[in-house]
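One structure below.
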Amino acid sequence: MNIKRVIVSRTDKIGDLILSIPSFFMIKKMYPQAELVVLVRKYNYEIVKNLPYVDRIIKIDDYTHSELIEKIVYFKADIFIALYNDRFVSQLAKASKSKIKIGPLSKLYSFFAFNKGVWQKRSKSIKNEAEYNLDLVRKADEKRYDEVFEINTKIYLGEENIKAAETFFSTYNIVGETLVVNPFIGGSAKNIKDEEYVSLLQRFRDENPERNVVIICHISEEERGVKMVDAIAREKVYLYANGGDLLNIAAIIDKGTIYLGASTGPTHIAGALQKRIVGIYPAKATQSTTRWGVFGNDKVKYLVPDENNPKENYKNPYFDKYDKIMEGELLNYIEESFLLEEGEKN
0 MNIKRVIVSR TDKIGDLILS IPSFFMIKKM YPQAELVVLV RKYNYEIVKN LPYVDRIIKI
60 DDYTHSELIE KIVYFKADIF IALYNDRFVS QLAKASKSKI KIGPLSKLYS FFAFNKGVWQ
120 KRSKSIKNEA EYNLDLVRKA DEKRYDEVFE INTKIYLGEE NIKAAETFFS TYNIVGETLV
180 VNPFIGGSAK NIKDEEYVSL LQRFRDENPE RNVVIICHIS EEERGVKMVD AIAREKVYLY
240 ANGGDLLNIA AIIDKGTIYL GASTGPTHIA GALQKRIVGI YPAKATQSTT RWGVFGNDKV
300 KYLVPDENNP KENYKNPYFD KYDKIMEGEL LNYIEESFLL EEGEKN
């Protein structure tokens, strides 16, 4: 079968998108002559537009459901792959009239949408999200996939992103080793409290007077970020509240030395940039390092505050038990990461 066009859909959050990049790469490697069309949310567009192997990007937010279905029919794709599935994505798969329609089988409607569906049981969380995605890509042609298999997680910064980071660092005269911290997450997993980040970063600065701290956040969290910087009340602590291109945050992370954060999109961005990372993750299977940990980067240390707490309340957005001992562990992980040579495994 001559494959001329492949549509792949990943229409959810930033971290999910980053963990789909190896799949985009493999599709192009399997079918180098085919046009690769990627469906994404508008807020993920900036990441995908710089991937050199993606030929066309459809921002699904720009269309009504009926308009998007009409557009999908127009493409006459040979393969449609849904890396994430919901009822509307299933409708798009059916509307594509692709000869090969691949996606995860779960809800009843998915069985009618995909003729090469894969029963993955992702809720069991026995592998990384990136691996679940790659399993779907492999379904298109298992022999070809195995022949050309390669893991590629790389994201690409634009000159404007690099310039934005350089301007920030030069404006505040930030020179030398820098800890980049992303303390605010969207609630997809547990985190430590703002005041616990404050205590951690106060100790970090007191013990590391020559090192900088840059706290990153979206512009919508700027007030919260300012309060955190004020509460830390130490020199060499800065806030970067991003109201522009998502990759500006990536460029700040890239310019830093070490990244610290919970299970959220910027953590996966740091992973794709091959940074040294200290992550704060829950033990719960569906939120764990096994399922949602950084992929394709061995320079990561994880603190799992609830690993010895079988009664952890997962309705609470913050860890039930986080103490000074764990704070000390985080500081040790950060210090060990600073001492690594660039490229060395954690």
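Heads up: the sequence shown begins at 0 in numbering that gives the first Met the number 0, then just goes up one per residue.
Heads up, the beta-carbon is just placed ideally off N, CA and C, and yes, glycines get one too.
Fully contained in the region 229 to 267 are the following beta strand (DSSP E) runs of length 3 or more, in chain order: 236 to 241 and 257 to 261. Taking the C-beta atoms as reference points, E326 is found nearer than 8 Å to S198. Of the candidates A261, S336, I101 and K41, the residue whose Cα lies closest to the Cα of V136 is I101. Looking from the CA of L133, the closest CA among P31, A271, M25 and I184 belongs to M25. Nearest neighbour of D61 by Cα position, chosen from K274, V179, V39 and I215, turns out to be V39. A residue is called buried once 16 or more other Cβ atoms fall within 10 Å of its Cβ, and R86, having fewer, is exposed. Taken in chain order, the complete alpha helix (DSSP H) segments of 4 residues or longer contained in the region 141 to 207 are 141 to 147, 158 to 170 and 193 to 206.
Using a 10 angstroms sphere on the CB of E206, the tally of other CB atoms stays under 16, which defines it as exposed. By the criterion of a C-beta distance shorter than 7 Å, A112 is surrounded in its chain by S89, A92, K93, K100 and G102, once the five residues flanking it on both sides are discounted. Rounded to whole angstroms, I231 and Y313 show a C-alpha spacing of 28 Å. Contiguous beta strand (DSSP E) elements confined to the region 62 to 124 occur at 78 to 81 and 99 to 101, taking only those with 3 or more residues. Closest in alpha carbon position to P265, among I248, T256 and K254, is I248. Here DSSP, grouped into helix, strand and coil, assigns I2 to coil. In this structure, Y317 places its C-beta atom within 8 Å of the C-beta atom of N190.
Beta bridge pairing from DSSP links V277 with L259 and K300. Around the beta carbon of N307, fewer than 16 other beta carbons lie within 10 angstroms, which makes this residue exposed. Judged by their CB atoms, K153 and A271 are nearer to each other than the 8 Å cut-off.
Listed in chain order, the non-local C-beta contacts of Y258 below 6 Å within the same chain comprise V179, I252, A269, K274 and I276, local neighbours out to five positions each way being set aside.
By alpha-carbon distance to L302, the top candidate from Q286, L329 and K28 is L329.
In the DSSP annotation of this structure, the continuous segment of the alpha helix (DSSP H) that includes E326 starts and ends at K323 to L338. Around the Cβ of I71, a 10 Å sphere holds 16 or more other Cβ atoms; the residue is buried. Under the three-state reduction of DSSP, L272 is assigned to coil, being neither helix nor strand. Taking 8 Å as the cut-off, the beta carbon of I80 is found closer than this to the beta carbon of A139. About 4 Å separates the Cβ atoms of A250 and A164, confirming a contact at the 8 Å cut-off. Relative to V212, the option among T177, V36 and S109 whose CA is nearest is T177. In this structure, DSSP gives K48 a helical state, which the three-state scheme calls helix. When secondary structure is reduced to three states using DSSP, L38 falls in the strand class. With respect to L35, V53 sits close: the two C-beta atoms are nearer than 8 Å.
Between E311 and D319, the C-beta gap is smaller than 8 Å, which places the two residues in contact. DSSP places Y313 outside both helix and strand once states are collapsed to three, so it counts as coil. Nearest C-alpha to Y44 among A261, R290, G292 and L245: L245.
In this model, N315 and R223 are separated by some 20 Å (Cα to Cα).
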